[in-house]
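Enquirer: Just so we're aligned: the sequence shown equals residues 0 to 433 in numbering that gives the first Met the number 0. There's a structure below that I have some questions on.
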Amino acid sequence: MHTIWFYSVFFLVIIHDGKTYSRSSQWHNNGYNAWSSKYKMLTNVYEGKNLEFGFPSDDDRKTALRKGLYDPDSPLPIDVDVYYPPSGEEPRIFVTIPRFGQGVPYSLAYLTNEVRPNGTELQPFPDYDWHKSHGDDCDGLTSVYRIQIDTCGKMWILDSGEIEFKQHCAPQLVVLDIATAEVKHRYRLPKGMYKPTISRFVTPYVDIADPGPYGSCKEAFVYMADPTGTGFVVYDVKNERSWRVENKYTYPDPDFGTHTIAGESFELLDGSFGFAVTPRGLGLRRMLYFHSLSNDAQVAIPLDIVNDPAYWGNGIKSAMEHFVLLGKRGVQCAAPAMTSSGVFLCGHLEPIGIFGWNIFTPYTYQNRMLLAENPTTLQFISGLKVITNPQGKEEVWLVSNRLQKAFSGTMNYNEINYRILKCGVDELLLGRPC
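Okay, structure coming up:
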């Protein structure tokens, strides 16, 4: 049964599984509605001072170091997703490590049970051969920013195809069976869908019409964010057709090009960045929610419009009357996610925490609730997912990476820099311990 939320300025009522809960809130001096408890501790799944890369052999490691293809201080984790095997085994946790530079030996990995001095050891997924060409083999993976795992046991991988803005391969969407590593689908973006030396595709969001366990996850639309190219691409999987969306709503705002996290600032002008969609079964017209990283605007467009290629043949003027500016935050929001009950989650830069907004209500500061604040553990939430576990309970998973320190060159590898955290959705929304 879904959790139903009713918001007011100072009070929150939640109906879940036939029971009613209420929780009062207080004002922070920044004008956001926030729980009275502070510095929420999410469950710590992983933490590391640096990333520990495993290799097929010691010779492979030495070769990568010698050729400059592995710089231990270069990699930065960006995304996380979790696969619960139907056999009931322990969940497999996957992370992405994009190739901002040449020193990343592989761009998609899973956590092992091997603990090293700097953190848990990673191993490449599907295997090392998929990554070792560093862009020379376009049938492999060049640079992966984010992924999405569906309910059919498949991983949707968005590969930007570039390293340091050199386009080695066309951006591609690769769908792998997690259990067998078999390629189930591959789509290379046509040249009209991206801007060579400019585009950098960083986020796929997959909306599936035939989800598992009864469907095959083949009828889907994928929204692919291109923040440096200031647009996004819509891909109709069934018909293998794509089109590009780009207009003033997908651009950055120079007033939000300075990003400040925990007192450190960096400059970045990124457009379209994160997506979510209206969950099915809520009785609402389904919308695509999106925002630019370097902007404070939250925007939506009906799915029946954005999924219809007939609307998108007129460049930046296409379908403008159908876009809805929901509101503005006054601060940047990074990775978003959506619960099945229609609570939109996003990691804000200031205050450093996870905010929730009920999509049944206006997008105003009164209705954006600070659900978890922690200026230490939540510094730049670059990956955020809502995942249903085998017991049917929704969980929030995230990766935080102190991105500001990577940009400013102040990363201290004697400190914990990277974390994977989780919390039950009910616990997060109700203010209970994770």
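The beta carbon of each residue, even a glycine, is placed where N, CA and C say it ideally should be.
(1) Only counting the same chain, and skipping five residues up and downstream in sequence, which positions put a Cβ closer than 8 angstroms to that of G67?
(2) Is M319 close to chain C, meaning its C-beta is less than 8 angstroms from at least one C-beta of that chain?
(3) Between G30 and the rest of its own chain, which residues show a CB-CB distance below 8 angstroms, the 5 nearest in sequence each way excluded?
(4) Buried or exposed: R145, going by 16 or more other Cβ atoms within 10 Å of its Cβ?
(5) With DSSP collapsed to three states, give me the class of P85.
(6) What is the DSSP secondary structure of A63, counted as helix, strand or coil?
(7) Evaluate K237 with the Cβ neighbour count: other Cβ atoms within 10 Å of its Cβ, from every protein chain shown; 16 or more gives buried, anything less gives exposed.
(8) Between which two residues does the alpha helix (DSSP H) harbouring Q403 extend?
(9) Contact between the stretch 329-349 and the stretch 274-281: three or more CB pairs below 8 angstroms?
(10) Is the stretch 187-201 in contact with the stretch 212-221, if contact means three or more CB pairs nearer than 8 angstroms?
(11) Return the Cβ separation of L369 and F359 in integer angstroms, given the expectation that the two are a contact with Cβ distance under 8 angstroms.
(12) Tell me, to the nearest whole angstrom, how far the beta carbon of T257 is from that of G270; I am working on the premise that it is less than 8 angstroms.
(13) Which residue spans inside the stretch 136-221 form an unbroken beta strand (DSSP E) run of at least 3?
(14) Is it buried or exposed for R401, if we count other Cβ within 10 angstroms and need 16 for buried?
(15) DSSP has R431 in a bridge; who is on the other side?
(16) A224 by DSSP, collapsed to three states: which one?
(17) Among E239, Y45, I162, which residue has its Cα nearest to the Cα of P97?
(18) Express the C-alpha separation of V173 and E181 in angstroms, rounding to a whole number.
(19) Check whether the stretch 302-318 touches the stretch 391-400, counting contact only when three or more Cβ pairs, one atom from each stretch, lie closer than 8 angstroms.
(20) For G118, which residues from the same chain have a beta carbon less than 8 angstroms from its beta carbon, with the 5 sequence-adjacent residues on both sides left out?
(21) Is the distance from the Cβ of H347 to the Cβ of V330 below 8 angstroms?
(22) Judging by CA-CA distance, which residue of P189, A405, V298 is the nearest neighbour of K327?
(23) Looking only at its own chain, which residues have a Cβ that is under 7 angstroms from the Cβ of P71, when we skip the five neighbours before and after it?
(24) On the criterion of 16 or more Cβ atoms from any shown chain inside 10 Å, does T387 qualify as buried, or is it exposed?
(25) How would you label T409, buried or exposed, when you count the other beta carbons within 10 angstroms and need 16 or more for buried?
(26) Taking 8 angstroms as the cut-off, decide whether the C-beta atoms of P374 and A261 are in contact.
(27) Where does Y31 fall in DSSP's three states?
(28) Please classify W396: does DSSP put it in a helix, a strand, or coil?
(29) Considering only C-alpha positions, which residue in the set E89, S86, T95, R91 is nearest to D78?
(30) Helix, strand or coil for N416? Go by DSSP, reduced to three states.
(31) Specify the secondary structure class of L370 as computed by DSSP and reduced to three states.
(32) In chain order, what residues of the same chain lie with their CB nearer than 7 angstroms to the CB of D158, ignoring the 5 residues before and after it?
(33) If I follow the unbroken beta strand (DSSP E) through I380, where does it start and stop?
(34) I'd like to confirm the pairing. Which residues does DSSP put opposite E239 in its beta bridges?
(35) Give a yes or no on whether the C-beta atoms belonging to I177 and M154 are separated by under 8 angstroms.
Expert: In terms of the structure at hand:
(1) Cβ contact annotation for G67 (same chain, cutoff 8 angstroms, sequence separation greater than five): Q101, G102, in chain order.
(2) Among the chains of the structure shown, chain C does not appear; only one protein chain is present.
(3) For G30, the predicted model reports a pLDDT of 38, less than 50, meaning its position is unreliable and no value from the coordinates is stated.
(4) Buried, because 16 or more other Cβ atoms sit within 10 Å of the Cβ of R145.
(5) Three-state result, P85: coil.
(6) helix
(7) Taking every protein chain shown into account, the CB of K237 has fewer than 16 other CB atoms within 10 angstroms, so this residue is exposed.
(8) 402-407
(9) yes
(10) no
(11) The Cβ separation is near 19 angstroms, so there is no contact.
(12) Not a contact, Cβ separation roughly 16 angstroms.
(13) 143-148, 153-158, 171-176, 182-187, 202-207
(14) buried
(15) R431 pairs with nothing; no bridge assigned.
(16) strand
(17) Distance check between P97 and each of E239, Y45, I162 places I162 closest, using alpha-carbon atoms only.
(18) 10 angstroms
(19) The stretch 302-318 vs the stretch 391-400: no contact.
(20) Its chain contains Y45, E46, G47, K48, N49, L50, E51, Y417 as the residues whose beta carbon lies nearer than 8 angstroms to that of G118, once the 5 sequence neighbours on both sides are disregarded; these appear in chain order.
(21) yes
(22) When only C-alpha atoms are compared, the closest one is V298.
(23) N49
(24) exposed
(25) Per the 10 Å Cβ criterion, exposed.
(26) yes
(27) Any reading at Y31 must be qualified, since the residue scores a pLDDT of 43, below 50, and its modelled position is unreliable; the value itself is stated next. Residue state, collapsed to three classes: coil.
(28) strand
(29) T95
(30) Looking at N416 - three-state DSSP - the assignment turns out to be coil, as it is neither helix nor strand.
(31) strand
(32) L140, T141, S142, V143, P170, Q171, V173
(33) 380-387
(34) Its beta-bridge partners do not exist; DSSP assigns none.
(35) yes
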